[in-house]
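Novice: Structure in structure tokens, see below.
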Amino acid sequence: MASVFTRPKRTGFYSRIAVPRDLWPSYSTRSIVRKLTATSRRAAEIEARSIQVDFDRSFQEERSQSPLDAPGNDLKHLLRVIQADPAEEHSQDDLDTADELVIQQLNIHTDGSLSPEEDRLWAQHQAWKEGHQPYTIWIERRAETEGTRLTTQRNWHTYLGRLAKWAGTDYLSGLTRRDAIEFKEWLLKQTNEKTGKPNSPGYHKNHFKVYGAFWRWADDHQQVSDPTIWANLGRSIKEHHHDRILPDFAEADELAAEDLLYNIQRFTGCRGSEAAGLRGCDLDLEGRTIHFTEWKEGEMVRHLKGKSKDRRTVPMHSKIYSLLLKLYPGGLPNGSLFPKQYKPSEETWGDTYKEGVLRRYGIHSHDLRRRVVTQLSLSSSPFILYALTRHQIPGMSTGLPKSVISPSSLGWPRRQVPAFP
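Remember, the working numbering sits 32 above the position in the sequence shown when you count from 1.
Following this line, the structure appears as structure tokens:
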């Protein structure tokens, strides 16, 4: 499939189309790059797929032969060629020919059995014939209909790719409840690739949360027969409850006295990505408030994390206010305050900042958020806490109208913000 990428110091998106190995001499290259006309990442991916279809047709004309007769005696390669298009787009004669070609490639033993890998490949071929799709297509279809962020899609690829590697096939529709249980037992034994330590319970639970949601989606789209194979597998994983000891912030606060991005997160409790995506027009110096909202300007896109995408308003701490006056004596710019924190390939903000906080100040950026959220909880500030997190607050009505969460109706004094020691 064609890849979509950006180039440093250039605008727009580009697509790279891989040239099949047997056609390298004909095209005198291994890949072809095309500039795309789309202005958003999602539109660029759709355009790239259309270009890929045109090139596939050109490749086939160059070969002047049927896709089922493509060169290659490896079974995995053969299946990739055969399954390039949905089974329903092939005639019955083509499907019969595909069966014959696959059977010819199978190393059938004298007793009629297959090796475990060949058995999985044969099952994959049968799943394709029955109209099922690989997990990569599941992700594409779901992302297109739900408008999913690129970072979420990346996580989906990670989780489902891990399951596909364990199962030995990209066609996951045939997995059973027994397979799900065996995968869970295997996953719990795995260790962190970087530290070599056991993974956290939350890490495991996230897997089964993603799988459960995808199987429900696949059931709605007639891709699986049993959507409940992952039911309750995450619930039985025990959490390790312990009191987390927060680091001493005194030294970090001193070192970061002039670091605006650090201080915004330090004295609001927002996520690092939320602070990094702020514009000058999001900071109201007169009203002493900070607004977090989704926006798009040119090639920059700002997304908010969480299901609630509405505008969020929190009070501006006096430390932030005084630092803004010092750094911007002539007034705040309207555009992004931290443009270098933007990552266009994933439409995210703050990755560089999060790494820098740990490197320069010796603390994790999320510890800043955790500290403020804890203080807000202890100071009985439900309205501010809700505006900051958009999490349900105990004792607070879930039907609270959005108009209540506004600077004029919150009723906070301009300078009366919880004091964070």
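Don't be surprised by glycine CBs; every beta carbon is placed ideally from N, CA and C.
(1) Say whether the region 163 to 179 touches the region 225 to 240, bearing in mind that this needs 3 or more beta-carbon pairs closer than 8 Å, one atom from each stretch.
(2) Would you call the region 168 to 177 and the region 207 to 222 touching, i.e. three or more CB-CB distances under 8 Å?
(3) Determine the DSSP secondary structure at residue 94, reduced to helix, strand or coil.
(4) Comparing alpha-carbon positions, which option in 374, 348, 290 and 362 lies nearest residue 317?
(5) Tell me the DSSP secondary structure of residue 178 in three-state form.
(6) What's the call for residue 242, buried or exposed, on a 16-neighbour Cβ count within 10 Å?
(7) Could you say which of 282, 49 and 138 lies nearest to residue 151 if we only look at CA atoms?
(8) Which value, in whole angstroms, describes the spacing of the CA atoms of residue 398 and residue 299?
(9) Does the pairing of the region 191 to 201 with the region 81 to 95 give three or more beta-carbon distances under 8 Å?
(10) Hey, would you say residue 457 sits closer than 8 Å to residue 240, going by beta carbons?
(11) Report buried or exposed for residue 404, applying the criterion of at least 16 other Cβ atoms within 10 angstroms of its Cβ.
(12) Going by the DSSP bridge assignment, what does residue 46 pair with across the sheet?
(13) Counting only the same chain and skipping the five closest in sequence on each side, list residues whose C-beta sits under 8 Å from that of residue 356.
(14) Helix, strand or coil for residue 311? Go by DSSP, reduced to three states.
(15) Is it true that the region 37 to 46 meets the region 70 to 79, where meeting means three or more beta-carbon pairs spaced less than 8 Å apart?
(16) Taking the C-alpha atoms as reference points, what is the distance between residue 432 and residue 328?
(17) Over what stretch of residues does the alpha helix (DSSP H) that includes residue 347 continue unbroken?
(18) Apart from the five residues just before and just after residue 224, which ones in its own chain have a Cβ nearer than 7 Å to its Cβ?
(19) Considering only their Cβ atoms, is the gap separating residue 83 from residue 66 smaller than 8 Å?
(20) For residue 306, which of 257, 148, 336 and 409 has the nearest alpha-carbon?
(21) Within this structure, are the beta carbons of residue 245 and residue 395 separated by less than 8 Å?
(22) Look at the alpha carbon of residue 333 and the alpha carbon of residue 208, and state the distance between them as a whole number of angstroms.
(23) Can you tell me where the alpha helix (DSSP H) holding residue 323 begins and where it ends?
(24) Is DSSP giving residue 374 helix, strand or coil here?
(25) Provide the residue(s) that pair with residue 329 in DSSP beta bridges, ordered along the chain.
(26) Given a cut-off of 8 Å, decide if residue 401 and residue 302 are closer than it, judged by their beta-carbon atoms.
(27) Tell me the DSSP bridge mates of residue 380?
(28) Excluding the five sequence neighbours on either side, which residues of its own chain have a C-beta within less than 6 Å of the C-beta of residue 105, listed in chain order?
(29) Would the beta-carbon of residue 248 be found less than 7 Å away from any heavy atom of the ligand NAP?
(30) If I measure Cβ to Cβ from residue 382 and keep anything under 6 Å in the same chain, skipping five residues before and after, which residues do I get?
(31) Whole angstroms is fine: what's the gap from residue 213's alpha carbon to residue 330's?
(32) Would you mind stating whether residue 353 and residue 391 have Cβ atoms separated by less than 8 Å?
(33) Return the first residue and the last residue of the alpha helix (DSSP H) that residue 354 is part of.
(34) What are the boundary residues of the alpha helix (DSSP H) that residue 270 is part of?
(35) How far does the alpha helix (DSSP H) with residue 288 in it extend, from its first residue to its last?
Specialist: The short version:
(1) Here the region 163 to 179 does not lie against the region 225 to 240, with fewer than 3 beta-carbon pairs under 8 Å apart.
(2) Counting C-beta pairs closer than 8 Å gives fewer than three between the region 168 to 177 and the region 207 to 222, which falls short of the contact rule.
(3) Stepping through the sequence shown from its first residue, residue 94 is reached at position 62. For residue 94, the secondary structure class from DSSP, reduced to helix, strand or coil, is helix.
(4) Position 285 of the sequence shown, counting from 1, holds the residue named residue 317. Ranking 374, 348, 290 and 362 by CA distance to the CA of residue 317 puts 348 first.
(5) Here residue 178 refers to the residue found at position 146 when the sequence shown is read from its first residue. DSSP, read as helix, strand or coil, puts residue 178 in helix.
(6) For the purposes of this step, residue 242 is identified with residue 210 of the sequence shown, where counting begins at 1. Counting Cβ neighbours within 10 Å, residue 242 comes out buried, since at least 16 surround it.
(7) To locate residue 151, count along the sequence shown from 1; it is residue 119. The shortest Cα separation from residue 151 among 282, 49 and 138 belongs to 138.
(8) Your numbering for residue 398 matches position 366 in the sequence shown. Your numbering for residue 299 matches position 267 in the sequence shown. Those two C-alpha atoms are separated by around 13 Å.
(9) Taking a cut-off of 8 Å for Cβ pairs, the region 191 to 201 and the region 81 to 95 do not touch, as fewer than three such pairs fall below it.
(10) Given that the chain is displayed from residue 33 to residue 453, the structure contains no residue 457 and the question cannot be resolved.
(11) The count along the sequence shown starts at 1 and reaches residue 404 at position 372. With 16 or more other Cβ atoms within 10 Å, it is buried.
(12) Here residue 46 refers to the residue found at position 14 when the sequence shown is read from its first residue. In the DSSP output, where bridge partners are listed per residue, residue 46 has 37 and 67.
(13) Counted from its first residue, the sequence shown places residue 356 at position 324. Same-chain partners within the cutoff: 292, 315, 317 and 364.
(14) Position 279 of the sequence shown, counting from 1, holds the residue named residue 311. Strand at residue 311.
(15) When C-beta atoms of the region 37 to 46 are compared with those of the region 70 to 79, three or more pairs fall below 8 Å, so the two segments count as touching.
(16) The residue given as residue 432 occupies position 400 in the sequence shown. The residue given as residue 328 occupies position 296 in the sequence shown. Summary for residue 432: the model assigns pLDDT 48, below 50, so the residue's position carries little reliability; its value from the coordinates is reported in the next sentence. Taking the Cα positions, residue 432 is about 28 Å away from residue 328.
(17) The count along the sequence shown starts at 1 and reaches residue 347 at position 315. No alpha helix (DSSP H) holds residue 347; the beta strand (DSSP E) holding it covers 344 to 347.
(18) Start at 1 with the first residue of the sequence shown, and residue 224 comes out as number 192. Within the same chain, residue 224 has close Cβ partners 231.
(19) Sequence index remark: in the sequence shown, residue 66 carries index 34 (1-based). Sequence index remark: in the sequence shown, residue 83 carries index 51 (1-based). Cβ atoms of residue 66 and residue 83: closer than 8 Å.
(20) Walking along the sequence shown from the start, residue 306 turns up at place 274. Out of 257, 148, 336 and 409, the CA that lies nearest to the CA of residue 306 is found in 336.
(21) For the purposes of this step, residue 245 is taken as the residue at position 213 of the sequence shown. For the purposes of this step, residue 395 is taken as the residue at position 363 of the sequence shown. The criterion of a C-beta distance shorter than 8 Å is not satisfied by residue 245 and residue 395.
(22) To locate residue 333, count along the sequence shown from 1; it is residue 301. To locate residue 208, count along the sequence shown from 1; it is residue 176. One Cα belongs to residue 333, the other to residue 208, and the distance between them is close to 40 Å.
(23) Here the question's residue 323 lines up with position 291 in the sequence shown. Residue 323 -> not in any alpha helix (DSSP H); beta strand (DSSP E) instead, spanning 321 to 324.
(24) Numbered from its first residue, the sequence shown carries residue 374 at position 342. When DSSP states are grouped into helix, strand and coil, residue 374 belongs to the strand group.
(25) Along the sequence shown, one-based indexing puts residue 329 at 297. According to DSSP, residue pairing for residue 329 in a beta bridge involves 332.
(26) The count along the sequence shown starts at 1 and reaches residue 302 at position 270. The count along the sequence shown starts at 1 and reaches residue 401 at position 369. Between residue 302 and residue 401, the CB-CB gap stays under 8 Å.
(27) The count along the sequence shown starts at 1 and reaches residue 380 at position 348. Residue 380 is bridged to 375.
(28) If you number the sequence shown from 1, residue 105 lands on position 73. Only weak support exists for where residue 105 lies, its pLDDT of 42 falling under 50; the coordinates are left without a value.
(29) Within the structure as shown, the ligand NAP is missing, as the structure has no ligands at all.
(30) As a working note, residue 382 is residue 350 in the sequence shown. Sequence-distant partners of residue 382 (beyond 5 residues in either direction) whose C-beta falls short of 6 Å from its own C-beta, in its chain, are 304, 305, 308 and 373.
(31) Residue mapping note: residue 213 aligns to position 181 of the sequence shown, counting from 1. Residue mapping note: residue 330 aligns to position 298 of the sequence shown, counting from 1. Note on geometry: alpha-carbon atoms of residue 213 and residue 330 lie some 48 Å from one another.
(32) Residue numbering aside, residue 353 sits at position 321 when the sequence shown is read from its first letter. Residue numbering aside, residue 391 sits at position 359 when the sequence shown is read from its first letter. Residue 353 is not a Cβ neighbour of residue 391, given a cutoff of 8 Å.
(33) By 1-based counting over the sequence shown, the position of residue 354 is 322. Here the alpha helix (DSSP H) through residue 354 covers 350 to 359.
(34) Taking the first residue of the sequence shown as position 1, residue 270 is located at position 238. Counting along the chain, residue 270 falls outside any alpha helix (DSSP H), and DSSP gives it neither H nor E.
(35) To locate residue 288, count along the sequence shown from 1; it is residue 256. Careful: residue 288 lies outside any alpha helix (DSSP H) and carries neither H nor E.
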